[in-house]
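Under the working numbering, the letters of the sequence shown match residues 37 to 202, in that order. This report refers to the structure that appears directly beneath it.
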Amino acid sequence: MKAEYINPFVSAAAEVFSTMLQCELTRGKLTIGNGAQPTMDISGIIGLSGRATGTVVLSLDRAVALSATEILLSQKCTTIDGDVIDAVGELTNMVAGRAKAGLEHLAMSLALPTVITGKNHVISFGSATQTLAIPFTCEWGGLVLEVGLVEEAEVAPAELAAAAMA
């Protein structure tokens with residue numbers, strides 16, 4: 037994965053948390069992700085397709101997920117329930133959607149978000165996908181943004197037309 041692909045996601049995460057949640061993120065050091073097992077309690081996952089395909093995962097500590105949901109819904113949350121799952125899915129969708137604008141040349145589409153809960157849940161990016169992970173901290177706890185994109189080989193329009201005619 038090209039390192040420059042991560043920057044729109046980092047900016048989008050900081051912008052979403054700042055504008056939607058009034059919460060500032062402090063960025064940690066970018067690492068090559070293990071692509072499998074987040075240490076957080078809940079993860080929002082969204083697939084991307086287009087000239088690049090891949091996955092974006094936003095993994096949150098329990099306290100971050102509960103606090104974010106409380107702000108979004110204006111109600112106290114004490115357990116990871118359907119409202120929290122929906123809120124994490126929507127946060128993931130907002131981050132991916134804003135990042136997509138910074139990657140217009142890849143003409144990507146977003147899938148619907150999926151949310152996985154529970155300690156030690158497993159997320160597979162596929163063996164051919166290298167991921168980049170950025171940890172963040174905020175006043176509520178920690179979160180990790182992990183992105184794995186594979187750029188598709190460009191096919192000339194003439195080649196597409198020829199393939200369609202065959």
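C-beta: ideal position from N, C-alpha, C; glycine also.
Discussion item. Ignoring anything shorter than 3 residues, give me the beta strand (DSSP E) runs that lie fully in the stretch 150-193, in order along the chain.
Written reply: The DSSP assignment places complete beta strand (DSSP E) segments of no fewer than 3 residues inside the stretch 150-193 at 150-153, 168-174 and 177-187, in order along the chain.
Practice prompt. With DSSP as the reference, label residue 91 as helix, strand or coil.
Written response: Residue 91 falls in the strand class under three-state DSSP.
Discussion item. Pop quiz: residue 146 and residue 94 are said to be a contact at Cβ under 8 Å. What is the actual Cβ separation, rounded to whole angstroms?
Written reply: In this structure residue 146 is not in contact with residue 94, their Cβ atoms being roughly 13 Å apart against a cut-off of 8 Å.
Worksheet item: What distance in whole Å lies between the Cβ atoms of residue 130 and residue 180, which are believed to be in contact at a cut-off of 8 Å?
Response: With 8 Å as the limit, residue 180 and residue 130 do not qualify as a contact, their Cβ atoms being about 17 Å apart.
Worksheet item: Below 8 Å between beta carbons: does that hold for residue 78 and residue 151?
Response: Judged by their CB atoms, residue 78 and residue 151 are nearer to each other than the 8 Å cut-off.
Worksheet item: Where residue 135 and residue 48 are concerned, what is the direct C-alpha to C-alpha distance, given to the nearest angstrom?
Response: A direct Cα-to-Cα measurement between residue 135 and residue 48 gives close to 5 Å.
Discussion item. DSSP three-state label for residue 82, please.
Written reply: Here residue 82 sits in strand by DSSP.
Item to complete: Take residue 24 and list the residues in its own chain whose beta-carbon comes closer than 6 Å to its own, dropping the five residues that flank it on each side.
Response: Residue 24 cannot be examined here, being either before or after the span of the chain that is shown, 37 to 202.
Worksheet item: Start and end of the alpha helix (DSSP H) containing residue 47?
Response: Run containing residue 47: 43-57, per the alpha helix (DSSP H) assignment.
Practice prompt. Less than 8 Å between the CB atoms is what I'm expecting for residue 144 and residue 184, so what's the real figure, rounded?
Written response: In fact, because the Cβ distance is near 13 Å, the residues do not count as touching under 8 Å.
Discussion item. Out of 148, 113 and 187, which one is the CA nearest neighbour of residue 139?
Written reply: Comparing Cα-Cα distances from residue 139 to each of 148, 113 and 187, the minimum goes to 187.
Worksheet item: Which residue's Cα is closest to the Cα of residue 176: 97, 64 and 109?
Response: Checking every option, the nearest Cα to that of residue 176 belongs to 97.
Discussion item. Does residue 105 come out as helix, strand or coil in the three-state DSSP assignment?
Written reply: Residue 105 falls in the helix class under three-state DSSP.
Worksheet item: Closest to residue 116 by CA distance: which of 128, 165, 103 and 166 is it?
Response: Nearest option by C-alpha distance: 103.
Worksheet entry | Beta bridge counterpart(s) of residue 142 as assigned by DSSP | Here residue 142 is not bridged, per DSSP, to any residue.
Discussion item. Suppose the cutoff is 6 Å on Cβ atoms and the five residues either side in sequence are ignored; what does the same chain contact list for residue 62 look like?
Written reply: These residues qualify, in order along the chain: 173.
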